[in-house]
Structures are given as C-alpha cells and as structure tokens.
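*Asks:* The listed protein sequences correspond, in order, to chains S and X. The end of the first sequence is residue 403 by the numbering used here, with every number in the run present. The end of the second sequence is residue 226 by the numbering used here, with every number in the run present. The C-beta atom is built at its ideal place from N, Cα and C for all residues, glycine as well. Note that the structure is a prediction, hence the values are computed from the model and not measured.
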Amino acid sequence: MAKEREKPGAFHQIDENLKRVYEEALVQDVPDRFAHLLAQLREKGPQK
Amino acid sequence: MTGAQAVPDGMRDPRDELPDHLPALRAFAISLTRNVSVADDLVQDTIVKAWTNFDKFTVGTNLRAWLFTILRNTFYSDKRKTRREVSDPEGAHAATLFVKPDHDGRMAFAEFSAAFDKLTPEHREVLILVGASGFSYEEAAEMMGVAVGTVKSRANRARTRLAELLHLADGEQVFSGVDGATMAVMSRSGVNAA
Chain S
356 MAKEREKPGA FHQIDENLKR VYEEALVQDV PDRFAHLLAQ LREKGPQK
Chain X
33 MTGAQAVPDG MRDPRDELPD HLPALRAFAI SLTRNVSVAD DLVQDTIVKA
83 WTNFDKFTVG TNLRAWLFTI LRNTFYSDKR KTRREVSDPE GAHAATLFVK
133 PDHDGRMAFA EFSAAFDKLT PEHREVLILV GASGFSYEEA AEMMGVAVGT
183 VKSRANRART RLAELLHLAD GEQVFSGVDG ATMAVMSRSG VNAA
C-alpha cells in the first residue's frame, strides 16, 4: 500500500486543528428535536 | 474501518442504529455549513430521507458513510436550489467552546477556525472526511462520487489553501509533492528558518 508520507509541520498542525473542529462539534448534545423526529417516524411505521 | 467483527450478532436494524450516528452526522453538518441551525435542518432532512430509503441500504455495510452521503448530497442540492451561500461563522462559533490559544507558537485555534470558515464547502468537506472523521480516501471518494485521486488532490489543495490563509510557514521543510507556486507562496510569507 502507499506508504505514509511524513507530514510536514504545517500540514500536521492543520490536521490536528481539523480534528479539533470536528470533535468540538461532535461532543455537543444532539438537540431533542431529533429524538422526537425519530419517534414520529417510528410511529408512522416502516415505509414500503 | 471495515471490521466485520464490529457488526453485532444478528445485524442491527439500521433504524435502531441511526441514533448512534447522530452526533457524527451533526458534526459533519456543522463542519460543512458552519452554522448550527442550518446544520440541524440539514440533519433533519437527512434523517427523513434515510428513513424513507432504508430499503436501499445494505445491512452490514457502513451506515455512517451512507448517512454522510445523503447529508452531503442534500447539502449540495439545496445549495444549487437556493443559489446562495449560507455561511454564518458566528453561529457556529457561538455554539462551540472558546479555546484559549496555545502559547508555544502553535497556531491558535480561533485563527484556524476563521480560516476554515473561509474555505469552500468542497474543501471543508474533503478535509473533514479524510482529515478528521476517520474515513479512508476510498470511502471519501465513494461518498463524494469522485475518483480516489481527486480526493487526494482536493485534500492537498484544501490544506495548502488553509496554510496560505494562516500564513503558515514555520521554517520547517515545507511540503513535498506540492507545486512550485505553492512553495513560492509559502516562502514569500515565510520567516527565516530558525
């Protein structure tokens, strides 16, 4: 397989920060509206 | 990534599994739109579409990738329809924790976020998929509907663009495999090597 190229300092810092952008969004509480939505969809029963 | 062992006995109904993927789906939406309320509407549309299309989902394949694909397709088709850029970095930032910049000369996170906001959605997308959310280039290619080589070159261009926006040239040997123009930009904005 393609061997992992060594990451230059700048790109490495960018990737660390990208993970942080994503993880900060990831740890937020998911709003209740989605649980309600899923409950509604379940009530309607399986779609054909 | 493709661990068959990760699939629980009897293979769960994707309807039961969907809630497990909501935080990631929402994080992807926020990364793409940079606006929490727009992101939540996008997640809502994605859930409804997924629900009505679960018969098209192959149980045992990657549900998260399938959901991400619906979300990004919805995002781009909405964007085509409305033909207006919806970007409200403040909205996204207001909902994220403020993080103090590091004091050791590493790039400040707030500065990074501002630069990330300035990227095109296509660049944000590829960087989040391959740089942050742990998908392989192959998976990202499938989700984005492009060749693996396109994902790699787009990701490199996006990283290079970010580096430009951040005036990043830390004196280290900069990029290998990047074109001369980029090198010129990098050294122009650069400081002397320490």
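1. Exposed or buried, what is G163(X) when buried is set at 16 or more other beta-carbons lying within 10 Å of its beta-carbon?
2. Counting beta carbon pairs with one atom in the region 48-67 of chain X and one in the region 147-157 of chain X, are three or more of them shorter than 8 Å?
3. Measuring CB atoms only, is the region 181-191 of chain X touching the region 106-115 of chain X, in the sense that at least three cross pairs come out at less than 8 Å?
4. Cβ atoms of L197(X) and A147(X): under 8 Å apart, would you say?
5. Could you compute how far the alpha carbon of N372(S) sits from the alpha carbon of G400(S)?
6. By how many angstroms is the C-alpha of R397(S) removed from the C-alpha of T152(X)?
7. For V376(S), count neighbouring Cβ atoms within 10 angstroms of its own Cβ and tell me buried if that reaches 16, exposed if not.
8. Please confirm if S168(X) has its CB atom under 8 Å from at least one CB of chain S.
9. Could I get the ranges of all uninterrupted beta strand (DSSP E) runs contained in the region 161-190 of chain X, with 3 residues as the minimum, in chain order?
10. When the Cα atoms are used, what is the spatial distance from M43(X) to V91(X)?
11. Can you have a look at V71(X) and say buried or exposed, based on whether 16 or more other CB atoms are within 10 angstroms of its CB?
12. Tell me the rounded alpha-carbon separation between H391(S) and H199(X).
13. Establish whether the CB of L194(X) and some CB of chain C are separated by less than 8 Å.
14. Compare the C-beta of D387(S) against all C-beta atoms of chain X and say whether one is closer than 8 Å.
15. Just tell me which of F144(X), S145(X) and L161(X) has its CA closest to the CA of A97(X).
16. Using the Cα positions of M175(X) and D45(X), report the straight-line distance between them to the nearest angstrom.
17. Determine the burial state of Q368(S): buried for a count of at least 16 other Cβ atoms within 10 Å of its Cβ, exposed for fewer.
18. May I have the straight-line CA-CA distance separating E378(S) from A190(X), to the nearest angstrom?
19. Report the residues of the region 365-393 of chain S with a CB closer than 8 Å to any CB of chain X, ordered along the chain.
*Replies:* Taking the structure as given:
1. buried
2. yes
3. With contact defined as three or more Cβ pairs closer than 8 Å, the region 181-191 of chain X and the region 106-115 of chain X are not in contact.
4. Their beta carbons are under 8 Å apart, which means A147(X) touches L197(X) by this criterion.
5. 42 Å
6. 36 Å
7. buried
8. no
9. none
10. Roughly 7 Å separates the two Cα atoms.
11. The sequence given here has Ala at residue 71(X), not Val. The residue in question, A71(X), is buried, as its Cβ has 16 or more Cβ neighbours within 10 Å.
12. 45 Å
13. Absent from the structure is chain C; the protein chains it does hold are S and X.
14. With 8 Å as the cut-off, D387(S) does not count as an interface residue toward chain X.
15. L161(X)
16. 22 Å
17. buried
18. 19 Å
19. Flagged, chain order: A365, F366, Q368, I369, D370, N372, L373, K374, R375, V376, Y377, E378, E379, A380, L381, V382, Q383, V385, P386, R388, F389, A390, L392 and L393.
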